[in-house]
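A.B. asks: To start, I am sharing the structure in question, which I have written as C-alpha cells.
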Amino acid sequence: MDKFQFIKHPIKENDTIESVAQHFDITTNYLQLVHNLNVDVYDKIKNSSGFFPSHLKEIFIDESTYQSFIERENEKRPKNSPILEYKPIKGKTIYNVFYTFLDDEEQTNISFQTSIEGLKSDPKINGYIVEIDRTSLTLLNNEDPELVIDELALTTAKVIYPLQIIVNYRGKFIDIKNYEEIIKRWEIVKENIRDNFESEQTEIYIISTEPSLKNKETLLASLKKDWFLNTYFSEIYINYYSKYKINKTIYFPVVSDFEGFEYAIVQEMNKYADDKNQLTISQNGKIDNEIKKDLFAINGEFEAEYLLNPVDKSIKSIFLQCSLEFETQKKLSITIKKNKKV
1 MDKFQFIKHP IKENDTIESV AQHFDITTNY LQLVHNLNVD VYDKIKNSSG
51 FFPSHLKEIF IDESTYQSFI ERENEKRPKN SPILEYKPIK GKTIYNVFYT
101 FLDDEEQTNI SFQTSIEGLK SDPKINGYIV EIDRTSLTLL NNEDPELVID
151 ELALTTAKVI YPLQIIVNYR GKFIDIKNYE EIIKRWEIVK ENIRDNFESE
201 QTEIYIISTE PSLKNKETLL ASLKKDWFLN TYFSEIYINY YSKYKINKTI
251 YFPVVSDFEG FEYAIVQEMN KYADDKNQLT ISQNGKIDNE IKKDLFAING
301 EFEAEYLLNP VDKSIKSIFL QCSLEFETQK KLSITIKKNK KV
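The sequence shown: position 54 = 54 (the numbering used here), numbered continuously.
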C-alpha cells in the first residue's frame, strides 16, 4: 500500500488502542497492522491492546477507514435541504464592502458600506423589490478621492442611490424599479456638479455619463456590470438536487468594457451543517474558451464562497476572487461582510 493512502491521526491523552479502534469502528488487530506498515521498528505498536507506546504522538489510519468515519459523523449532523429559497431581508442590513483590483502591477483598493432592505413581494413582477443604499463615503486606496476625475465619478455614482431593483425568486438582479426617481436626481446633481467642478473636464464627464442614463435599458445594462450587484445578487437560491451541486456558466465583469467570455463553474452547497452550523455555497471554475469559438483564447479563474445564515438563509459574508489574462493580467478580489442590522 502507498503512503498517500494513509492519514495521520493524533493520539490524545488517555487514548488506548481499544478506544481508538472503537472510534473508527475497526478491530485492534487491524489498527495495529495498518500503523505498523507505515513506520520503523521503533514506532511500531507492539501489542493489540492497552496504551500506545509513550513516545508515540500519532498513528496511521488507512484512508478508507477515515472516510467511512467522516461519513458516519456527517450522518449525525443536520442535513441541509438541497433547495434554497430566496427571501429578502426584513429591515435594513448594513454590509462592509472591499474591492481590490490588480491590473498588471497597479493595485486599486475601494471600500464602502451599503445597506440592503427587502421592500415587498410582487407577483406582477415575478419577484421582490429590494432597496440598496450607500451608507458611507467611498474610500479610494483607504483615502478620500483627491483627483477631480475620481471625485466626479463618486459624486455621479451617488445619483443611483437609493436604488430599487427587482430580484427574481432565485436571488438574481433582473430589473430597475425606480428609474424615474434616478433621472430626477441626476438633473439636480448635474447642476451641482457644474457649480462645484467648473472645468472643461466636468462637461466631458457629464457628456460621457448621460448615455448610460438615457433610458431604463441603458442604465440596466450599466448596472449589470456592477461588481457588488453581480456578487450579492448571484443566482445561488436554486435546487442543488441530490448531489448538492450543479454545473453552470456565468459572466462576471472583471473589466466593464471586456465581454464575450464566461466562466464554467461548479456551484456547490454543503450537504451537512459544519461544526459551526454554517451553510456555505461555493463556486469554482475557469474561463471556458469553447463557449465562443471565434473569440481569441483568454485565461482566467473564478472562485467564490457564500456564507449564509442557516435559519433565514440570508447572506452573512461573501468572498470572491477572479482573474482575466489578456495582454495584462487582471485580478479582482471582493469581500462583503455583514456589519449590523438596523
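Backbone N, C-alpha and C fix where the C-beta goes; we use that ideal spot for every residue, glycine too.
If I measure Cβ to Cβ from Trp-186 and keep anything under 7 Å in the same chain, skipping five residues before and after, which residues do I get?
C.D. replies: Here the set comprises Val-159, Leu-213.
A.B. asks: Could you give the distance in angstroms between the alpha-carbon of Asn-270 and the alpha-carbon of Ile-238?
C.D. replies: Cα to Cα, Asn-270 sits roughly 14 Å from Ile-238.
A.B. asks: Measuring CB to CB, does Ile-132 end up less than 8 Å from Ser-111?
C.D. replies: It is not a contact, given that the beta carbons lie outside the stated cut-off.
A.B. asks: Could you pull out every residue in the same chain whose Cβ sits closer than 8 Å to the Cβ of Lys-120, ignoring the five residues on either side in sequence?
C.D. replies: Closer than 8 Å at the Cβ level, and outside the excluded window around Lys-120, lie Tyr-128, Ile-129.
A.B. asks: Please state whether DSSP places Val-20 in a helix, a strand or coil.
C.D. replies: In the structure shown, Val-20 sits in a helix (DSSP, three-state: H, G or I).
A.B. asks: Measuring straight from C-alpha to C-alpha, what distance separates Lys-79 and Ile-59?
C.D. replies: So the two alpha carbons sit approximately 31 Å from each other.
A.B. asks: If you count every other CB in all the chains shown that lies within 10 Å of the CB of Tyr-240, and 16 or more means buried, which is it?
C.D. replies: It counts as buried.
A.B. asks: Got a sec, what are the start and stop residues for the beta strand (DSSP E) Ala-264 sits in?
C.D. replies: Segment 263-269, the beta strand (DSSP E) holding Ala-264.
A.B. asks: Which of helix, strand or coil does DSSP assign to Val-167?
C.D. replies: Of the three classes helix, strand and coil, the one that applies to Val-167 here is strand, per DSSP.
A.B. asks: Check this for me: beta carbons of Thr-249 and Tyr-263, under 8 Å apart or not?
C.D. replies: Yes. Within cutoff.
A.B. asks: On the three-state DSSP scale, how would you describe Tyr-205?
C.D. replies: Three-state result, Tyr-205: helix.
A.B. asks: Taking the beta strand (DSSP E) that Lys-8 belongs to, which residues open and close that run?
C.D. replies: Here the beta strand (DSSP E) through Lys-8 covers 6-10.
A.B. asks: On the criterion of 16 or more Cβ atoms from any shown chain inside 10 Å, does Gln-283 qualify as buried, or is it exposed?
C.D. replies: Gln-283 comes out buried.
A.B. asks: From Phe-261 to Ser-222, what does the alpha carbon distance come to, in whole angstroms?
C.D. replies: About 17 Å.
A.B. asks: Spatial neighbours of Lys-340 within its chain, please: C-beta separation below 7 Å, excluding the five flanking residues on both sides.
C.D. replies: Excluding positions up to five away in sequence, the list reads Ile-94.
A.B. asks: Between Phe-197 and Leu-152, how many whole angstroms is the CB-CB distance? I'm expecting something under 8 Å.
C.D. replies: That belief holds up - the Cβ atoms of Phe-197 and Leu-152 are roughly 6 Å apart, short of 8 Å.
A.B. asks: Mind checking His-35: buried by the 16 CB within 10 Å criterion, or exposed?
C.D. replies: Looking at its Cβ environment, which holds 16 or more other Cβ atoms inside 10 Å, His-35 is buried.
A.B. asks: Determine the closest residue to Lys-245 out of Pro-82, Lys-184, Glu-217, with distance taken between C-alpha atoms.
C.D. replies: Residue Pro-82 is the option with its Cα nearest to Lys-245.
A.B. asks: How about the stretch 313-327 and the stretch 85-93: do they share at least three Cβ pairs that are nearer than 8 Å?
C.D. replies: Yes: the two stretches touch, three or more of their Cβ pairs being nearer than 8 Å.
A.B. asks: Pick from Tyr-30, Ser-256, Ile-61, Leu-220: whose alpha carbon is nearest that of Ser-48?
C.D. replies: Residue Tyr-30 is the option with its Cα nearest to Ser-48.
A.B. asks: Output the residue ranges of the alpha helix (DSSP H) runs that lie fully inside the stretch 22-67 and measure 4 residues or longer, sorted by chain position.
C.D. replies: If we require 4 residues or more, the alpha helix (DSSP H) runs fully inside the stretch 22-67 come out as 28-36.
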